[in-house]
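Number of protein chains: 2
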Amino acid sequence: MYLGITMKRSMYAGSVRKEHIGQTLTLKGWVGRRRDLGGLIFIDLRDREGIMQLVINPEKVDASMMETAEKLRSEFVIEVTGVVVAREEANDKVATGSVELQVEDLAILNTAKTTPFEIKDGIEANDETRLRYRYLDLRRPEMLENFKLRAKVTHSIRNYLDELDFIDVETPMLAKSTPEGARDYLVPSRVSQGHFYALPQSPQITKQLLMNAGFDRYYQIVKCFRDEDLRGDRQPEFTQVDLETSFLSDQDIQDITEGMIARVMKDTKGIEVTLPFPRMAYDDAMNNYGSDKPDTRFDMLLQDITETVKGIDFKVFSQAPVVKAIVVKGGADSYSRKDIDKMTEVAKQFGAKGLAWIKYVDSAITGPVAKFLTSIEEQLTERLQLVNGDLVLFVADSLEVANNTLGALRTRIAKELDMIDTSQFNFLWVVDWPMFEWSEEEGRYMSAHHPFTLPQEDTAHELEGDLSKVRAVAYDIVLNGYELGGGSLRINHKDMQESMFKALGFSEEDANEQFGFLLEAMDYGFPPHGGLAIGLDRFVMLLAGKDNIREVIAFPKNNKASDPMTQAPSLVSKKQLDELAITTSENLD
Amino acid sequence: MYLGITMKRSMYAGSVRKEHIGQTLTLKGWVGRRRDLGGLIFIDLRDREGIMQLVINPEKVDASMMETAEKLRSEFVIEVTGVVVAREEANDKVATGSVELQVEDLAILNTAKTTPFEIKDGIEANDETRLRYRYLDLRRPEMLENFKLRAKVTHSIRNYLDELDFIDVETPMLAKSTPEGARDYLVPSRVSQGHFYALPQSPQITKQLLMNAGFDRYYQIVKCFRDEDLRGDRQPEFTQVDLETSFLSDQDIQDITEGMIARVMKDTKGIEVTLPFPRMAYDDAMNNYGSDKPDTRFDMLLQDITETVKGIDFKVFSQAPVVKAIVVKGGADSYSRKDIDKMTEVAKQFGAKGLAWIKYVDSAITGPVAKFLTSIEEQLTERLQLVNGDLVLFVADSLEVANNTLGALRTRIAKELDMIDTSQFNFLWVVDWPMFEWSEEEGRYMSAHHPFTLPQEDTAHELEGDLSKVRAVAYDIVLNGYELGGGSLRINHKDMQESMFKALGFSEEDANEQFGFLLEAMDYGFPPHGGLAIGLDRFVMLLAGKDNIREVIAFPKNNKASDPMTQAPSLVSKKQLDELAITTSENLD
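Chains as they are written, first to last, in the working numbering: chain A, 5 to 593; chain B, 5 to 593.
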């Protein structure tokens, strides 16, 4: 009775079914709803598998038991023993709805204050409160289901990769800081004062070294860290399914990945996905969808009408590098001028100078720019296949701005007009990536993926020429408009790796200081290799039908990268800082 | 040809067998030994599954291919195609020894410089060199086998726990610093300057909160961190198999753990262990083995002869709080006076003032203290069951010093005299732990396990009385003299948790600042719960028959907690430190 526990639990309350009728069971869990009716007390007992109705009948238990029953409040932890009986009226809404437990014995294992929000699905508590009392938030059945799903996903992935002889290897968390890439989280060293470890942004180089060690097929489901500003689908720490192989082609690695995804979809959702996934070139993705992670669950493709508008007397169009359009089918009625003004603001955020539009109503184009287009109305109508009720949005700008702007509007509109079949899981590969992206901020070319990516053979010579022309043997996997992951073949020859660092503006000294150990490793028979990483949080989020990865992370941080429950990060003692030979201008302790 | 790869690998070189004779295979891997014999070139091709002999015969390949073959050196990466043929003389020492590959096609995929040490088992390279070129060290077959074993162990554990409905949940790496316990690794926050995360020493509180959330059965194979001085079996980051359950007894949790261990032993070593494991009370372990993690593969138990020597005219013995002895069977010949002097030095490290000894030879006791013991020679001989050739070591001191000293000597002697059957895996539980240990350093009682451990019911009242009398519902699992892991039932009531913090010397304010979120969580129906953690590195080390966990960690740190390969920890840029509002007296950048 010390812990209050007297009996072993027979089974989960949520798993009791008709076939248990007549059995005496001991159940344990939390008090959900309580109703007092005609002298009887009805309790919804909740555990991780569901809820089960208890009936406490003063005619069947003694007075002291009834007294205990009277004390029961929401979220009390109890232990009950009783007989399973059929309910007079079954409740089809719960899995245990055809039975109830006639309580014979009852003990309170712990009490509970009134919770800051009700423990049920679809609550409206604000995010800070949910995080502050995360253990209560996680009691809600839909949250718990997310974590069961997550565990199923990783179990399925591990089984698949184990069957394919991948070796699960752990790589260090206390790693070396490599400033190329995102911002590192640093960890001061006590033994080597003034020196710092970095938490890994990914085990990229480490897994490459495992290939050099001859492991041949490596995987790991591993925490990674980026100290960046947070958005809905970003967290300071995140988990990736990380794999690397030797001697395989990009196609081989994609095949393995597809098999893995197919296994997960089957094991967790019962869905048979069609293999192989479609491949889309990066340029096509950008030109047709205005995104390097196109959502193909709906059309509304970007159309290039630069040729069509060439020569018209409307300089905004005729003198723009490109003019592109999306046709919102039946959108004329859905969007007022005011709505479109709002979209124009969005367009401007993407660098567009403005957003032109027409509506096609009663077989004629209307709207502010319609008058400039009358000369080509027929060509335009035909080119864009307009039918009555369509709305057309135009961006006349650089190709990049036109693509990015219309890509963003395409997604926004599809959501607003409910054009997306959310039951679909559209996987695809985006391939043929540029090796470099121009960074206005840094004033130089940066790696689109990372500096270890293998250039495509016929463009590799441009490492010492026009960097914009170098293409990578890289591939991203996309699901429903989200980048699920990506990978590449890697450089395994020292001379090419050195050319790559040079192209990125590294001095020889810098390259050696940061990556000398990798370059040196290439002296000793580094095999051809490549791999991929999948963002696990995002994948599970999409499988769970959620739109924020916080829903699938047990104890996430808020958007200030702190935990409202534990108050981490927190001040620490002067002794702790002294041992690290660190001072901070902000710590007053 | 860009990557040098022309063909898909047919299979691993190390997996080729008799049944493949006649097949044309493409193999890829590293050049091991090369021998030139009668115009033919013989190559040991190595991949992750083993080695396979290649024969390159100038009569069967063209001149350019022969030219390529002439270039082959150790650790070159190659691709070969050829026909599997039977060897004239089979080599029984390798699994592929009955066959060889008659090479028809050959390509060099990468070259290699001479490696700093030879890639073979049993090398003598020093530890720093092995770590500096870890990717080469890991190429040695015995190292790779350790990691295959490790992956098998985790796979086996996961399958077992998944079958028992444990949910694999990831807990945060960026956690709150809780100075009670070992030293934390800190991570400065950029968003909340002057504040720090801590890398978790274990997910102890987090997993308890998952129980509060109703997850019921949780597990995780998770990295933990302790910034302590390093020894052979310690690393700054280590991995534990962490589990927690609700509503179960300590016995239930031990049963689950035993099942897990049995599964691992079967899956990885083919060994059926006998269940249940023996239970030994902490006091018995200390008194009989002089250790809280007794190695039961050999006897040589500690014997208390305090009563036997009471009243003799040898004050060192007769006035000591206790006199204990171990009998080294047949040890008289094995240990010279000089050897025993060395042992005396060891004894002094454990706080003993000295080490008395006798030898029993020709039915008489000899040695420096023999003359003081003549009066009780018969009783002593009988009490210790001495036979000719035995060596007896005595420590007369406090019980603690006597136990610790003789316990250490017992293990040392067993190793020196080769008394241990290393094929045995002796698992056992040590139970009935004291809740607190007196710390001379801190001048107070500290938790023997941690402050969340449940006191045994009949001793709980001593939380407010004599702390030395409080016993814990705690259990350690021991394998061959190593602590493999440990666990306990936990406190789930706020008042008891508050008493515990008070007993440990926390002010109410300190308790709330550090653990307020846990105390608050206890307001909301915290269920009875308990769990355990197993040190994975150590477990795999013992299964692999190694004596240092570095052998089973892919990229470990050296004993200065640094990585000779990447040079982590390293200096970082002023910009990085400025963003964190940190300065360090040692960083000159």
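No residue lacks a Cβ here, since even glycine has one placed at the ideal position from N, Cα and C. No experiment lies behind these values; they were computed from the predicted model shown.
Take residue i as the anchor and find which of the options has the nearest alpha-carbon.
i: R221/A; options: D48/A, L203/A, I257/A, L395/A; result: I257/A
i: D259/B; options: G43/B, L410/B, W433/B; result: W433/B
i: P183/A; options: V320/A, A515/A, N562/A, T587/A; result: A515/A
i: V332/A; options: N392/A, E108/A, K97/A; result: N392/A
i: T85/B; options: K473/B, D299/B, F521/B, A111/B; result: A111/B
i: L467/B; options: R21/B, P438/B, P120/B; result: P438/B
i: A155/A; options: A548/A, F429/A, R341/A; result: A548/A
i: A329/A; options: D308/A, V313/A, V320/A, R341/A; result: D308/A
i: D96/B; options: P145/B, R21/B, A356/B, D436/B; result: R21/B
i: H159/B; options: L153/A, V107/A, I171/A; result: I171/A
i: R341/B; options: E74/B, V373/B, A129/B; result: V373/B
Could you work out which residues of chain A lie near residue i, taking near to mean beta carbons separated by less than 7 Å?
i: N216/B; result: Y139
i: V195/B; result: K564, A565
i: I586/B; result: I586, T588
i: I171/B; result: F151, K152, A155
i: Y189/B; result: V191
List the residues of chain A whose Cβ lies closer than 9 Å to the Cβ of residue i, in chain order.
i: W34/B; result: G218, G529, P531
When the cut-off is 8 Å and only beta carbons count, does residue i lie next to chain A?
i: N392/B; result: no
i: F456/B; result: no
i: V313/B; result: no
i: N591/B; result: Bear in mind that the predicted position of N591/B carries a pLDDT of just 47, short of 50, making it too unreliable to give a figure here.
i: D231/B; result: yes
i: R2/B; result: The structure shown does not extend to residue 2/B, since chain B spans only 5 to 593, so no value can be given for it.
i: P183/B; result: yes
i: F251/B; result: yes
i: L178/B; result: yes
Listing by chain order, which chain B residues have their CB less than 7 Å from the CB of residue i?
i: R143/A; result: A217, G218
i: H199/A; result: P573, S574, L575
So is residue i in contact with chain B if we call contact Cβ pairs under 8 Å?
i: Y479/A; result: no
i: G335/A; result: no
i: V81/A; result: yes
i: L213/A; result: yes
i: V89/A; result: no
i: R13/A; result: yes
i: Y436/A; result: Reading the sequence as shown, one finds Asp at residue 436/A and not Tyr. With 8 Å as the cut-off, D436/A does not count as an interface residue toward chain B.
i: P240/A; result: yes
Our contact map puts residue i next to residue j with C-beta atoms below 8 Å; I'd like the distance itself, whole angstroms only.
i: F200/B; j: P573/A; result: 5 Å
i: V4/B; j: I47/B; result: The question about residue 4/B has no answer, for chain B in this structure spans 5 to 593.
i: E338/A; j: L421/A; result: Residue identity differs from the one stated: residue 338/A is Ser in this sequence, not Glu. Sure, about 6 Å apart at Cβ, within 8 Å.
i: G491/A; j: A537/A; result: 6 Å
i: M70/B; j: A17/B; result: At roughly 21 Å, the Cβ-Cβ gap does not stay under 8 Å, so M70/B and A17/B are not in contact.
i: S472/A; j: F440/A; result: 7 Å
i: V350/A; j: R283/A; result: The Cβ separation is near 30 Å, so there is no contact.
i: T249/B; j: H454/B; result: Contact doesn't hold; Cβ gap of about 17 Å is too wide.
i: Q244/A; j: L540/A; result: 6 Å
Note down, in chain order, every chain B residue with its Cβ under 9 Å from the Cβ of residue i.
i: T175/A; result: A558, F559
i: T243/A; result: E174
Given the structure, does residue i come close to the ligand MN, in the sense that its CB is under 7 Å from one of the ligand's heavy atoms?
i: G534/A; result: For the structure depicted, the ligand MN is absent and the ligand set is empty, with no information on it obtainable.
Would you mind telling me which residues of chain B sit closer than 8 Å to residue i, beta carbon to beta carbon, in chain order?
i: H497/A; result: N114
i: M439/A; result: Those within 8 Å of M439/A in chain B number zero; the least Cβ separation is about 15 Å.
Please decide whether residue i counts as near chain C, where near means a Cβ-Cβ distance under 8 Å.
i: D48/B; result: Given the protein chain composition of this structure (A and B), no chain C is represented.
Can you pull the chain A neighbours of residue i, defined as C-beta to C-beta under 8 Å?
i: D166/B; result: A155, H159
Run through the stretch 59-114 of chain B for me and flag every whole alpha helix (DSSP H) of 4 or more residues, listed as ranges in chain order.
-> 67-75
Could I get the ranges of all uninterrupted beta strand (DSSP E) runs contained in the stretch 175-254 of chain A, with 3 residues as the minimum, in chain order?
-> 189-192, 200-203, 221-229, 241-250
List in chain order: all unbroken alpha helix (DSSP H) runs of 4+ residues lying wholly within the stretch 362-418 of chain B.
-> 374-377, 381-387
Hey, which unbroken runs of the alpha helix (DSSP H) at 4 residues or more fall wholly within the stretch 297-376 of chain B?
-> 310-313, 319-322, 341-353
Curious, which full-length alpha helix (DSSP H) runs of at least 4 residues does the stretch 136-181 of chain B contain?
-> 138-141, 145-167
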